[in-house]
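**Q** Here's a structure for you.
Residue numbers (the working numbering): -16 to 98.
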């Protein structure tokens, strides 16, 4: 950084040179300003679409899990469980599996990108 400021001072002191001295990072930052905004907006829109798709995928998976366990749910209801405890048990099981899957996925991603 100190070397650059000395270079900039030397270039500004020479009256023969009509230069605008700046770092490469600053130069490319000015050049790509509009493109950065476009990429940010597109990334947000695409991310939102993917998030909605993920929610519908999770809903579909949950529906399939409940549909395949209809007999088990009916048996629990027949032996005296009310609807709320059955739903709570299913939701707790689903949340624990989702937490375990999220932690495992996070660890794998961390190992891939930081290992």
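All residues carry an ideal CB built from backbone N, CA and C; glycine is no exception. From a predicted model like this one, the values you see are computed outputs, not experimental measurements.
State the Cα-Cα distance for the pair residue 57 and residue 37, rounded to the nearest angstrom.
**A** 29 angstroms
**Q** How about residue -13 and residue 6: do their beta carbons lie closer than 8 angstroms?
**A** yes
**Q** If you follow the alpha helix (DSSP H) that residue 60 is in, where does it begin and where does it stop?
**A** 53 to 61
**Q** So, helix, strand or coil for residue 6, using DSSP?
**A** coil
**Q** Under 8 angstroms Cβ to Cβ from residue 49, same chain only, skipping five residues before and after it: list those, please.
**A** 56 and 73.
**Q** What's the C-alpha gap between residue 35 and residue 69?
**A** If you draw a straight line from the Cα of residue 35 to the Cα of residue 69, it comes to about 28 angstroms.
**Q** Where residue 80 and residue 21 are concerned, what is the direct C-alpha to C-alpha distance, given to the nearest angstrom?
**A** 38 angstroms
**Q** Report the rounded CA-to-CA distance for residue 27 versus residue 60, giving the unit in angstroms.
**A** 45 angstroms
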